[in-house]
Amino acid sequence: MPECTNCGGFVTERYVRVFAPDGLENVRVCPNCEDKLRDGADVRQARSKRT
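Just so you know, the sequence shown maps onto residues 215 to 265 in this note's numbering.
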């Protein structure tokens, strides 16, 4: 079952297909992560709190 490698949260296979780099089974960050976010192809620290 796919999961977020940052927070361990559940993500769907479709989400992984769209947002994970080719060849990875899990995403590096998901919408539930409060401390990190995707910035293009990179993952970076969030600059402000996300709600």
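C-beta: ideal position from N, C-alpha, C; glycine also.
The structure displayed is predicted, hence computed values, not measured ones.
Are asparagine 246 and valine 230 close, meaning C-beta to C-beta below 8 Å?
-> If you number the sequence shown from 1, residue 246 lands on position 32. If you number the sequence shown from 1, residue 230 lands on position 16. Between asparagine 246 and valine 230, the C-beta gap is not smaller than 8 Å, which leaves the two residues out of contact.
Quick one: grab the DSSP three-state call for glutamate 217.
-> Start at 1 with the first residue of the sequence shown, and residue 217 comes out as number 3. Residue state, collapsed to three classes: strand.
Aspartate 231: first and last residue of the uninterrupted alpha helix (DSSP H) it sits in | Residue 231 sits at position 17 when you count from the first residue of the sequence shown. Correcting the residue identity first, residue 231 is arginine in this sequence and not aspartate. Taken as a continuous stretch (DSSP letters only), the alpha helix (DSSP H) holding arginine 231 covers 227-233.
Can you give the Cα-Cα distance for arginine 261 and arginine 242, rounded to whole angstroms?
-> Taking the first residue of the sequence shown as 1, we reach residue 261 at position 47. Taking the first residue of the sequence shown as 1, we reach residue 242 at position 28. Whole-angstrom Cα-Cα distance: 18 Å.
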